[in-house]
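Here the protein sequences line up with chains C, P, F and U, keeping their order.
Position one of the first sequence corresponds to residue 24 (this note's numbering), numbered consecutively onward.
Position one of the second sequence corresponds to residue 24 (this note's numbering), numbered consecutively onward.
Position one of the third sequence corresponds to residue 24 (this note's numbering), numbered consecutively onward.
Position one of the fourth sequence corresponds to residue 24 (this note's numbering), numbered consecutively onward.
4 protein chains.
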Amino acid sequence: MAVHHFSPQRFFNTIGPHAPELRIADGDSVVAATIDAHGHDAAEAQVGHNPNPMTGPFHVEGAVPGDMLAVTIDMIDMSRRQGWTRQGLAPNVVDPDQVASLPPREKILWDIDRNAQRVSLRSAPESLRSWTVPLDPMIGCLGVAPAGGEFISTATSGPYGGNMDYRGIRAGTTICFPVSEPGGLFFLGDVHAAQGDGEIAGTGIETSAEVHFTVRVVKGKTQTWPRGEDATDIFTIGNARPLDQALQHATTEMLNWLGEDFGLDPIAASHVMAMAVRYDVANVFNPAYSVACRLAKSALPTRG
Amino acid sequence: MAVHHFSPQRFFNTIGPHAPELRIADGDSVVAATIDAHGHDAAEAQVGHNPNPMTGPFHVEGAVPGDMLAVTIDMIDMSRRQGWTRQGLAPNVVDPDQVASLPPREKILWDIDRNAQRVSLRSAPESLRSWTVPLDPMIGCLGVAPAGGEFISTATSGPYGGNMDYRGIRAGTTICFPVSEPGGLFFLGDVHAAQGDGEIAGTGIETSAEVHFTVRVVKGKTQTWPRGEDATDIFTIGNARPLDQALQHATTEMLNWLGEDFGLDPIAASHVMAMAVRYDVANVFNPAYSVACRLAKSALPTRG
Amino acid sequence: MAVHHFSPQRFFNTIGPHAPELRIADGDSVVAATIDAHGHDAAEAQVGHNPNPMTGPFHVEGAVPGDMLAVTIDMIDMSRRQGWTRQGLAPNVVDPDQVASLPPREKILWDIDRNAQRVSLRSAPESLRSWTVPLDPMIGCLGVAPAGGEFISTATSGPYGGNMDYRGIRAGTTICFPVSEPGGLFFLGDVHAAQGDGEIAGTGIETSAEVHFTVRVVKGKTQTWPRGEDATDIFTIGNARPLDQALQHATTEMLNWLGEDFGLDPIAASHVMAMAVRYDVANVFNPAYSVACRLAKSALPTRG
Amino acid sequence: MAVHHFSPQRFFNTIGPHAPELRIADGDSVVAATIDAHGHDAAEAQVGHNPNPMTGPFHVEGAVPGDMLAVTIDMIDMSRRQGWTRQGLAPNVVDPDQVASLPPREKILWDIDRNAQRVSLRSAPESLRSWTVPLDPMIGCLGVAPAGGEFISTATSGPYGGNMDYRGIRAGTTICFPVSEPGGLFFLGDVHAAQGDGEIAGTGIETSAEVHFTVRVVKGKTQTWPRGEDATDIFTIGNARPLDQALQHATTEMLNWLGEDFGLDPIAASHVMAMAVRYDVANVFNPAYSVACRLAKSALPTRG
């Protein structure tokens, strides 16, 4: 169970079957530097470019199509003291007849205070002079090479993961992807220091980071959409437009998962889901929106 | 500040400018019986009919168009020991090509245990033999007469409220509606003993109840969509299809509210919302879907 | 088969079970004045108000719930020489990030020339100096009282018809509605001198008119959504948001109609529809969008 | 102006910057064989595979990013006597609660009669015994390499074209794509012998063909979405889900085009579009839906 320290020499703006940058074994851990959505690294040097330059791909030995790749996020360390957002809400999240009154979407700087575990606006308007945000790092874009030989822009997402911008992808979360290419070819990047639901300003607090993660290959385990878990919940993610369809994908994946691994037929699963499901609107900004379907482990029946 | 005990003699399947059943004063409280979505009362007698028969309307003295009616839910008492759901997920919440594999949507009975504060399936499948759900009562349908002389089916919802089926409308919550008719004309009903996000089986645990609520008229306070608060959060609700549009309405209402009452211009509001907003998918089943946009009070800037 | 000349004394801004303004027999014809969407009549006097004031309701003797009411539009006569539109496209029909560049939506006057059968801008910009539009009158809003005792704003539409703003509702068209109240209670108004698909500026050329129509009761004929025909085609209309759902309603209604009246089972109907269906985007502006599903009569199999 | 006869040796299931299979000059014509959506050629031999194997790419000399590639479809010759469809409507085009009653989607054979210019079911049900369809060939999938180094599945579509399944892409049509890679890299395939709007059974009549086309490079001409024209109309195409967004893209592209090339500012363009626009629902089945926004040339103002 090796631990690899990986300093990327190049970055990718598509997720696809690029040649691996590092080969690792099932069970290995990696500490990998990521750069921000516009390509700036820990030293604020531009080393990659828009959109969402990816670190990787990591080839995981033994992963073949038909397997599942489980990635556990062990830690997300901030690697610089600064991040940025866009001001103003995105035009697609407000009523069309109010769009014309939105402010121009300028780039805004934030200071990241790792000691205080808070993030604050560098130049706050009067009304936000004493307002700060808890540091709560998440990975905006991560996934594996898609099926069918596609190379897909890191602006969007699909069954293979991608730019889901879900605040639930934080330290302590394990997320699983369907393997479509030998080695899986795992990519990650686009860390946010904090973000609310929906990424409704079109950004989180975009920054660079050092991400610690561990991979595991689950043999012969099929799935359609990302599945995952954290300390309290299991979850699935659907990526599509409109939100209705993203929610349909996430719901269907959960229904199928409860049948496969939790012994719940469609009737039993419907009772549990109808009473306990929680939906997170991960992003409602990217070309594909992302919805997570969550179930508290405490709401699941105990297994006989 | 009187407390009225109201036993409805008739029920309404449209929300609109019906003649008031009870006149109450600003600040008064009411203890009102509600019947279940199919019209069965506390004694399980059929006294109303599908869909969602309403108790009310309550005419609040002094409320006139241009005011806001704030309704605080003080308590929701279960008035019988039984509720029902439909089994199987609703066809519109799963992928279209998996709809044909859904089970038939039969009516299922649940036992409500007020002492244990749990609800359980009367005839559980093997896999759910020891599985129960916390009792967490909510009001599925409530609102005031809409603008323009409309009488709208209690199956759906709009700016005036209606069948939003939001689990956030529970004891301790205050919800505010725009007054469009003299007296506001408040209706309520369709209590659920418990329900997850989205009402994805098409029902919560449908039952009768005794609801304790208090009304307050806020003079000259305009709004477009329902606004509310509970112990921890403020929230707005948008009702529309698809989810994207419901989310747009809720987001726009929050943006406007932060400007009107919290001193946050569109730039400052965008910072707060981008970092702290939470969306609840209230229902994704009814003719209009409902999305709540929530902000923790702790995430709001302190006022100077 | 009487012909009634009807001069409305009052107008309605909701479609619902209002008391009839005129009782007519099955097979009768009516010549009825309609006023424009903002309530101006043939003399440009304001006699009704926004939105879409309706002429009617007409009670058709013998029509009872479970019947179908067929209305044939015999002629739409322009009753004045002027109409109006809004300039600028509606914000919901362009990409959200281009909304801010749309022009202000001012009211614009048009001249209706019945001799030339053309309509022209009263104050045309240089680029449209010699540009005119064929006069092609249509009825924007028409329908019958909805089910369940609802009174619904004439801004929107549903299974009962309403503000569908479909340019296919012109002279020579027959449209059929499901009867939900005794007498059906037929309303009409909101005539446009011309309009493209989608009503994408939010208006057609809004004007007053004299509409000649004939009613027929079809006993015991159920349907869910409006059905109709003209010289060349049969059609169904679905009203909902988003367009996808409006299209689903129209498609499902056509599928069912082909089964009921044309002897085509779901497989045969799918062949005919897959090869010959045409969709019209009637409106993509109102609270409910409208999509027509059309089949040329020449594309239907001949009956054995 | 050479004419190239191209017999593809390999086929592509992604559209992207693959190495060119043929280099041609600006103004050249090509006669190229295409195979059907499942990879069967004129001899019904399987030479490619699902989905939509592409002929090409064709590198057009002189085309560079920032140019527009105009492709005129000169002729679409049927290269075999047989095609196939799926029976039954696609589950996403009917109401969710009617999906379970759809027939199984079996593969069905059709006979193509080039002399009679008709297509007929090989084994017709009784109700369709004498029913045939006009031969009206169209190209289901065509486009150029997308921007950003993406390789995208031929199941879907985007600004670069792709699997739009639009019956308007027939002989006599010119369609223009934005060039993102040197040479443009044009692909085509997935010819249908006939198809209605929307591709609502999930297929047209899928077959092989010989397509005659001519390319032209328009220097320094930017656009976002495909533009085109035929004998009577100009058109734009938007590709996205839901239909609303596809329509927004097509509408916005037309608005911009009228400004750039027809001298119509947003106000003038809104008048023309509001009165004359026609929308075609090209496909409502693929991962991205396609909507065409059309204007009759006769409805455009004459240029001063």
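The beta-carbon is built from N, C-alpha and C at its ideal position, and this holds for glycine as well.
Every value quoted in this text rests on a predicted model; they were computed, and no experiment measured them.
Between U/Gly185 and C/Ala217, what straight-line distance do the alpha-carbon atoms span, to the nearest angstrom? 37 Å
Would you report the Cα separation of F/Asn73 and P/Gly171, rounded to the nearest angstrom? 10 Å
Residue from P/Gly219, P/Glu84 and P/Ser231 with nearest C-alpha to P/Leu211: P/Ser231
Using a Cβ cut-off of 9 Å, pull out every chain U residue sitting near F/Ala224, in sequence order please. Residues of chain U whose Cβ lies closer than 9 Å to the Cβ of F/Ala224 are, in chain order, Ser293, His294, Met296, Ala297 and Met298.
In the DSSP assignment, what residue or residues form a beta bridge with U/Thr108? U/Ile131
Rounded C-alpha distance that separates F/Met98 from F/Leu45: C-alpha separation (whole angstroms): 20 Å.
So for U/Ala25, helix, strand or coil by DSSP? In the structure shown, U/Ala25 sits in coil (DSSP, three-state: anything other than H, G, I, E or B).
Is there a Cβ of chain P sitting closer than 7 Å to that of C/Val116, yes or no? yes
Between U/Ser150 and chain F, is there a C-beta pair that is closer than 7 Å? yes
7 Å Cβ cutoff, U/Ala42 in contact with chain P: no
Candidates C/Ala299, C/Pro40 and C/His27: which alpha carbon is nearest C/Pro169's? C/Pro40
Among F/Asp159, F/Arg128 and F/Cys199, which has the Cα closest to the Cα of F/Lys242? F/Cys199
Please confirm if F/His287 has its CB atom under 7 Å from at least one CB of chain U. The displayed chain sequence assigns Leu, not His, to residue 287 of chain F. Closer than 7 Å to some Cβ of chain U, the Cβ of F/Leu287 qualifies, so yes.
Report the rounded CA-to-CA distance for F/Ala48 versus F/Gly85, giving the unit in angstroms. 8 Å
Could you name the residues of the same chain whose beta carbon sits closer than 8 Å to that of P/Gly219, not counting the 5 residues immediately before and after it, in chain order? Arg190
Going by DSSP in three states, U/Met187 sits in which element: helix, strand or coil? coil
Report yes if the C-beta distance between P/Ala299 and P/Ala322 is below 7 Å; otherwise report no. Cβ atoms of P/Ala299 and P/Ala322: closer than 7 Å.
Cα-Cα, which of U/Thr245, U/Pro201, U/Asn262 and U/Ser153 is closest to U/Asp284? U/Thr245
Could you pull out every unbroken beta strand (DSSP E) segment of at least 3 residues lying fully inside the segment 204 to 249 of chain F, listed in chain order? Fully enclosed beta strand (DSSP E) runs of no fewer than 3 residues occupy 207 to 215 and 232 to 241 of the segment 204 to 249 of chain F, in order along the chain.
Simplified DSSP assignment, three categories, for U/Glu173: coil
To which residues of the same chain is U/Ile127 closer than 7 Å at the C-beta, ignoring the five residues directly before and after it? Rather than Ile, the amino acid found at residue 127 of chain U in this sequence is Pro. So the qualifying residues of the chain are Gly111.
What residue range does the alpha helix (DSSP H) around F/Asn22 cover? With chain F running from 24 to 327 in the structure shown, residue 22 of chain F is simply not present.
Give the DSSP bridge partners of U/Ala55, in chain order. U/Phe29 and U/Val234
With distance defined between alpha-carbon atoms, name the residue in U/Leu165, U/Ile290, U/Asp303 and U/Asn262 nearest to U/Asn309. U/Asn262
Give every residue of the same chain whose Cβ lies closer than 8 Å to the Cβ of C/Ala254, excluding the five residues on either side of it in the sequence, and list them in chain order. Gly195
Using 8 Å as the Cβ pair cut-off and three pairs as the minimum, do the segment 61 to 80 of chain F and the segment 99 to 108 of chain F touch? yes
Note down, in chain order, every chain P residue with its Cβ under 7 Å from the Cβ of U/Asp120. Pro114
Within the continuous beta strand (DSSP E) that includes P/Pro201, where are the two ends? Thr197 to Pro201
Starting from the C-beta of F/Thr274, find all residues in its chain whose C-beta is less than 6 Å away, skip the five residues before and the five after it, and write them out in chain order. Cys316
Mark F/Glu15 as exposed unless 16 or more other C-beta atoms lie within 10 angstroms of its C-beta, in which case mark it buried. In the structure displayed, chain F extends from 24 to 327; residue 15 of chain F sits before or after that span and is not available.
If we cut at 7 Å on Cβ distances, does F/Ile135 have a partner in chain U? no
So that I know if they touch, is there some Cβ in chain F lying closer than 7 Å to that of P/Arg145? no
Can you give me the C-alpha to C-alpha distance between C/Thr325 and C/Leu287, rounded to a whole angstrom? 11 Å
Tell me whether C/His294 sits in a helix, a strand or coil according to DSSP, three-state version. helix
Counting only the same chain and skipping the five closest in sequence on each side, list residues whose C-beta sits under 6 Å from that of C/Gly225. Here the set comprises Arg109, Ala113 and Phe308.
For my contact list, F/Val314 and F/Leu278 are in at a C-beta cut-off of 8 Å; report their separation, rounded to the angstrom. About 14 Å separates the two Cβ atoms, so there is no contact after all.
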